[in-house]
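Residue numbers (this note's numbering): 67 to 383. Even for Gly, the Cβ is constructed at its ideal location relative to N, Cα and C. In this text the structure is predicted, and so the values were computed from the model without any measurement.
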Ligand code: SD4
């Protein structure tokens, strides 16, 4: 018998998002409804500066969002480089449900969203605009920072405690707080969603892993589900989330499966691997869960019938 329900998300602060998903899962609801409801929480949260409203813009000052969903039937939908839409995950779901396609990008994605009744919303908050103007002074695109640099910065700012780092690191230091959320419902259905405004100050038109099926998210109802956060280019290069699910198919635990995807990224990056953060989460059909990251301090939020907590994953370095 299935061991659901369970919901697992990237980053500790997404316990809030899990709560919204749990409202549906705990009543026997559908995993897809749960993950969509869940990821809408950070999408609408202006203090979360790498998802949706309040997300940091690209280098031209535009906030563009990437989002996808995948369900237990292997159906999926995605929007990429979409502007002015507060809940891209809902548009991604409609791409899956109402179009013959899987991916819509940019202007076409926006036109589709508007045709479905979504309203244009300015996603650039005054705070994000300020951060962008500040960035323009140096225009140094550097999502890859060493752990040492990171720890020094946190120390200078007085964040010496581990918990403080958990909350502080993603959004304000490395801009890694994309939400990937995967769930197994009481009926045994696995579904997932992933949504982000992408890497801060990315080039215009850049698409990361988050809306790419197999990279930022993958679900196979026979096996399990996986999602990712971090420097998206790295997940795309190894079809990361698909890799994780395939490892579970061949018997790996969720954590071991995530570790293998991380190993491939570490291998690809050679001596520079210590400067790359890439993180995976996974659940399997039995309701077991796990995660793994390249650098330390990746946290995941989990909720099932017995726990509601955040956990630091193991890491390569
Ligand atoms: C991307 N993976 O666009 C995303 C970034 C991310 O938290 O994870 N941010 O590459």
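Residue i and residue j closer than 7 Å at C-beta
| i | j | result |
| --- | --- | --- |
| residue 276 | residue 121 | no |
| residue 348 | residue 71 | no |
| residue 172 | residue 194 | no |
| residue 84 | residue 369 | yes |
| residue 256 | residue 294 | no |
| residue 110 | residue 135 | no |
| residue 260 | residue 296 | no |
| residue 266 | residue 100 | no |
| residue 86 | residue 73 | no |
Residues bridged to residue i (per DSSP)
| i | result |
| --- | --- |
| residue 369 | 73, 374 |
| residue 409 | With the chain running from 67 to 383 in the structure shown, residue 409 is simply not present. |
| residue 171 | 146 |
| residue 305 | For residue 305, which the question treats as bridged, DSSP gives no partner whatsoever. |
| residue 380 | 358 |
| residue 384 | With the chain represented from 67 up to 383, any question about residue 384 goes unanswered, as that position is not in the structure. |
| residue 348 | 292, 356 |
Pick from the options that is closest to residue i, judged by C-alpha positions
| i | options | result |
| --- | --- | --- |
| residue 326 | 274, 100, 128, 358 | 358 |
| residue 133 | 143, 353, 88 | 143 |
| residue 330 | 356, 318, 161, 310 | 310 |
| residue 205 | 187, 298, 300, 124 | 124 |
| residue 78 | 300, 246, 312, 305 | 246 |
| residue 306 | 346, 180, 198 | 346 |
| residue 196 | 371, 97, 269, 127 | 127 |
| residue 269 | 129, 99, 93 | 129 |
| residue 272 | 355, 149, 87 | 149 |
| residue 340 | 371, 356, 360, 353 | 360 |
| residue 165 | 179, 152, 312 | 179 |
| residue 151 | 192, 279, 174 | 174 |
| residue 131 | 187, 320, 97 | 187 |
Inter-residue CB distance, residue i and residue j (contact presumed, cutoff 8 Å)
| i | j | result |
| --- | --- | --- |
| residue 189 | residue 258 | Not a contact, Cβ separation roughly 23 Å. |
| residue 104 | residue 75 | 7 Å |
| residue 344 | residue 328 | 7 Å |
| residue 302 | residue 382 | Not really, about 19 Å apart at Cβ, beyond 8 Å. |
| residue 81 | residue 367 | 4 Å |
| residue 376 | residue 364 | That pair is no contact at about 11 Å. |
| residue 156 | residue 102 | 7 Å |
| residue 304 | residue 334 | 7 Å |
| residue 308 | residue 284 | 5 Å |
| residue 145 | residue 161 | 6 Å |
Residue i Cβ short of 6 Å to ligand 3 heavy atom set
| i | result |
| --- | --- |
| residue 275 | Although ligand 3 was asked about, the structure shown includes only ligand 1 as ligands. |
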